[in-house]
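A.B. asks: Got a structure for you, questions after.
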Amino acid sequence: MSTFLATHKLGIRFGVSALVLAVLTMDFGPAFAQGFTPGRYGIGTPANVELIASRDVDVRADGHGLPAGTGKYEAGAILFSQLCVDCHGENLLGGRERGGALIGGRGTLTSEYPRRTVESYWPFATILFDYIRRAMPYPSPGILEANEVYSVIAFILSEANIIEKSMVIDADNLAAIEMPNRDGFRSDWQPEMFR
Amino acid sequence: MTRKFKPYGPEITAVPDLKNRGQHSKALSQRADQAPSRRKLLLGAAAAAGAVALAASPKKARAVAPPGAVEYHVPVDPTLVPGRPPGLNGGYGTRSQFETEVREWSGSGTSSRTPLASSEGTITPSALHFERHHNGIPEIDPEDHTLLVHGMVKRPLTFSMADLKRLPSISRVAFIECSGNSAGEYHAARGNELHNMHGLVSSSEWTGVALSTVLREAGLEPGAAWILAEGRDASMLSRSIPVEKALDDAILAYAQNGEALRPEQGYPLRLLLPGWEGVTNVKWLHRLDVSDAPFQTREETSHYTDLNIITGEAKQFTFVMAAKSLILFPHPEVKLNGAGFYEITGLAWSGRGKIKRVEVTTDGGKTWHLAELQDPVLPKAQTRFRFPWVWDGERAILQSRATDETGYVQPSIRQLKEVRGDAERGNVNYHNNAIQTWQVNPGGTIENVHFSGNA
């Protein structure tokens, strides 16, 4: 009996020690010697909802992240003529400054002179909102309100003959707009293999 | 000029009149009389320290010191006058006023290129690391900078720079290459300067905290697959990064080559994704948003996608920079001075791992020779190769070809065009890692050509 107990206790002690050792040495070998407790380091400050909301500006392809607001062609045309025309041109085909053509180019992607524009190349309309809000206009990014961003998008997509001029853009219908090159992309992490 | 030691003089019988001895007194008077006022201004602080001695020099110092250098007086014989003490440059070292290499920047102001022609070894000086910005270089106070980690995590967290530096650190050497590097050389051989052709690649030792460490603090939720990395520049550049890479070898880097990141390299914090296309190494990083799908940002759809004009389809998320090598000597900006010995040398790198071998041909691919690889050969880092060559003075076709540890062999330009099609622009020319050809002419001049004869 006593022998059994002794063996049993020894077994438990051994088992526990082995377990503790195994856990502690998983990722944290050197730290073990200094009495480090396994798990997280406990560094970093919890981020509250307000902080996250103030920084979380991204809009995804499914429309997640789009704010409330509406946009119309006429308002977009006015904004475009004031803020966008220098770089993108009156006819949206490129302007005096940097900034490429926004429309045209359909059917050129298999030609020797492919023209990549919002109209011919961009797969999702949501990219317009995400990008314009974060990065445009180039000299003063971040100045546009949600309604204004939606309006500029309405203007561009109408000029690209993707939507009707009468369409009012908002968070509910932007992601559903079918872009001409929607299926033109294939995810492939690796370049072609040569041996 | 080397020092001319004076012969033994007569036996010394009295204290010599050193004060009035020719050369030194002349030097001192010239310092007072001839030093330009601008130099006096520059060295004012040092003069106050009473530690400057300048000898006469018929050679004029440079009127304007090159960027990164300070103009100092150049003595005829530096062995005759004490050199300057440390600290004249304020305690932060400067390069020699005789070194003039700079990054050449684009007219559009969005990029600058590493001067590869003068590169030595495998590390790019931080001040010469190539740049690509999407709306300029932001000026950021690190005290005011935090990284937010949120989305599909158990504990949304912010990290100050001090927080990140408390976490266990790691260092590694890695190259960064823009996926648009060498794009101008795809359609035709056009460039005649190395930096213009291929200067959007550089190498550094980077230090920071493993991204996996930070993600463990926040705790990934089941289904987390992609992370949006966002910069704090005026373009708020953003790219979707697979969690797989984030947990593999991604680093939140705060240091480069032993000191804080340079502002143009993302100070105070950048993402480092070893071996992946430059734009994914998001600079001025301030937010990581974890999700179950890629975010489809502008920089991973409209740009940085690779159009194939044969199929009309574009490849997206082409992260890995494939094996590439480049002969950096000789090159079109130099002329060989007659037949004889030359060391062919260059750099090779692969985003998949280590360089296994580099072969060099001098006859357009009829015969290939193994180049010597300089140790250490590190994964996803640039490797220096060398090949001894005796030029016979006749036309020669020089090429280098890299093979990485996965067996990937650097392709010829013809092989790339067979797969992707050929166009001057339209992103068809991205990820151009084709073999580069230098044609050596009998006179010793060197031309950039496309040559697929036997390649």
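Top to bottom, those sequences are chains A and B.
Quick note, the first sequence lines up with residues 434 to 628 if you use the working numbering.
Quick note, the second sequence lines up with residues 7 to 461 if you use the working numbering.
Positions of the beta carbon are idealized from the N, C-alpha and C atoms, including for glycine.
1) Tell me the rounded alpha-carbon separation between Phe457 (chain B) and Ser418 (chain B).
2) List the residues of chain A whose Cβ lies closer than 7 angstroms to the Cβ of Gly214 (chain B), in chain order.
3) Just verifying my parser: in three-state terms, what is the DSSP assignment at Leu86 (chain B)?
4) Name the residue from B:Phe325, B:Arg196, B:Arg268, B:Met242 whose alpha carbon lies nearest to the alpha carbon of Glu250 (chain B).
5) Just checking: is the beta-carbon of Gly462 (chain A) within a distance shorter than 9 angstroms of some beta-carbon in chain B?
6) When you compare the CB positions of Val207 (chain B) and Leu170 (chain B), do they come within less than 9 angstroms of one another, or not?
7) Could you round the C-beta distance between Pro547 (chain A) and Gly399 (chain B) to whole angstroms and report it? I think they count as a contact, below 8 angstroms.
8) Please work out which residues of its chain come closer than 8 angstroms, Cβ to Cβ, to Arg531 (chain A), disregarding the five sequence neighbours upstream and downstream, and give them in chain order.
9) Looking at C-alpha atoms only, which residue of A:Ala510, A:Arg549, A:Ala608 is the closest neighbour of Pro500 (chain A)?
10) I want to see whether chain B comes within less than 9 angstroms of Met600 (chain A), judged by CB atoms only; does it?
11) For the stretch 284–293 of chain B against the stretch 239–253 of chain B, do three or more pairs of beta-carbon atoms, one drawn from each stretch, fall closer than 8 angstroms, so that the two count as touching?
12) Can you check which of these residues, B:Asn95, B:Ala240, B:Leu334, is closest to Ile565 (chain A) by C-alpha distance?
13) Which residues in chain C sit within 7 angstroms of His204 (chain B), going by Cβ to Cβ distance?
14) Applying the 10 Å Cβ sphere with the 16-neighbour rule, what's the burial state of Leu24 (chain B)?
15) Spatial neighbours of Ala230 (chain B) within its chain, please: CB distance less than 6 angstroms, with the 5 preceding and 5 following residues excluded, ordered by chain position.
16) Tell me the rounded alpha-carbon separation between Asn614 (chain A) and Arg172 (chain B).
17) Comparing alpha-carbon positions, which option in B:Ile146, B:Pro148, B:Gly115 lies nearest Glu137 (chain B)?
18) Determine the direct distance from the alpha carbon of Arg196 (chain B) to that of Glu430 (chain B), and round the result to whole angstroms.
19) Pull up the CB-CB distance for Val551 (chain A) and Ala593 (chain A), whole angstroms please, since I reckon it's below 8 angstroms.
20) Which residues does DSSP pair with Ala216 (chain B) in a beta bridge?
21) Is the Cβ of Thr321 (chain B) closer than 9 angstroms to any Cβ of chain A?
22) Give the list of continuous beta strand (DSSP E) stretches no shorter than 3 residues that lie fully inside the stretch 391–445 of chain B.
23) Taking the continuous beta strand (DSSP E) assigned at Ala71 (chain B), which residues delimit it?
24) Under 7 angstroms Cβ to Cβ from Ala189 (chain B), same chain only, skipping five residues before and after it: list those, please.
25) Give me, in chain order, the residues of the same chain whose beta-carbon lies closer than 6 angstroms to that of Ala75 (chain B); leave out the 5 immediate sequence neighbours on both sides.
26) Is the beta carbon of Asp312 (chain B) less than 9 angstroms from the beta carbon of Arg358 (chain B)?
27) Any residues in the stretch 474–492 of chain A with a beta carbon nearer than 9 angstroms to a beta carbon of chain B? Which ones, in chain order?
28) Which residues, in order along the stretch 163–195 of chain B, keep a beta-carbon less than 7 angstroms from a beta-carbon of chain A?
29) From the beta carbon of Arg446 (chain A), is the nearest beta carbon of chain B less than 9 angstroms away?
30) Could you check if Ile441 (chain B) is buried or exposed, using at least 16 other CB atoms within 10 Å of its CB as the buried criterion?
31) Span of the beta strand (DSSP E) holding Thr367 (chain B)?
32) Find the nearest neighbour of Ala354 (chain B) within the set B:Asn141, B:Ala168, B:Thr19, B:Phe181, judged by alpha-carbon distance.
33) Any beta carbon from chain B within less than 9 angstroms of Val585 (chain A)'s own beta carbon?
34) Verify whether the separation of the beta carbon atoms of Gln258 (chain B) and Gly225 (chain B) is less than 9 angstroms.
35) So what does DSSP say about Asp621 (chain A), is it helix, strand or coil?
C.D. replies: In short, the structure shows the following:
1) 9 angstroms
2) Result: empty, since nearest Cβ-Cβ is about 14 angstroms, beyond 7 angstroms.
3) coil
4) Comparing Cα positions, the closest option is B:Phe325.
5) Unreliable placement is indicated for Gly462 (chain A), whose pLDDT of 45 sits below 50; no coordinate value is reported for it.
6) no
7) Not really, about 45 angstroms apart at Cβ, beyond 8 angstroms.
8) Cys520, Tyr571
9) A:Ala608
10) no
11) Under the three-pair Cβ rule at 8 angstroms, the stretch 284–293 of chain B counts as touching the stretch 239–253 of chain B.
12) B:Ala240
13) Note that chain C does not occur in the displayed structure, where the protein chains are A and B.
14) exposed
15) Met158, Val249, Val296
16) Distance from the CA atom of Asn614 (chain A) to the CA atom of Arg172 (chain B), rounded to whole angstroms, is 47 angstroms.
17) Minimum Cα distance to Glu137 (chain B) is reached at B:Gly115.
18) The C-alpha of Glu430 (chain B) lies about 11 angstroms from the C-alpha of Arg196 (chain B).
19) 6 angstroms
20) B:Ile257
21) The amino acid occupying residue 321 (chain B) in the given sequence is Lys; Thr does not appear at that position. Yes, Lys321 (chain B) lies at the interface with chain A (some Cβ there is under 9 angstroms from its Cβ).
22) 402–410
23) No beta strand (DSSP E) holds Ala71 (chain B); DSSP gives it neither H nor E.
24) Asn435, Tyr436, Asn438
25) Thr100, Arg101, Gln103
26) By the CB criterion at 9 angstroms, Asp312 (chain B) and Arg358 (chain B) fall outside the cutoff.
27) Tyr474, Gly475, Ile476, Gly477, Thr478, Pro479, Ala480, Asn481, Val482, Leu484, Ile485, Arg488, Asp489, Val490, Asp491, Val492
28) Leu163, Thr164, Phe165, Asp169, Arg172, Leu173
29) With a pLDDT of only 38 at Arg446 (chain A), under 50, the local geometry of the prediction cannot be trusted, and no value is derived from it.
30) buried
31) Going by DSSP, Thr367 (chain B) is part of the beta strand (DSSP E) stretching over 361–367.
32) Ranking B:Asn141, B:Ala168, B:Thr19, B:Phe181 by Cα distance to Ala354 (chain B) puts B:Phe181 first.
33) The beta-carbon of Val585 (chain A) is placed no less than 9 angstroms from the nearest beta-carbon of chain B.
34) One detail in the question is off: residue 258 (chain B) reads as Leu in this sequence, not Gln. Cβ distance not < 9 angstroms, so Leu258 (chain B) and Gly225 (chain B) don't count as in contact.
35) coil
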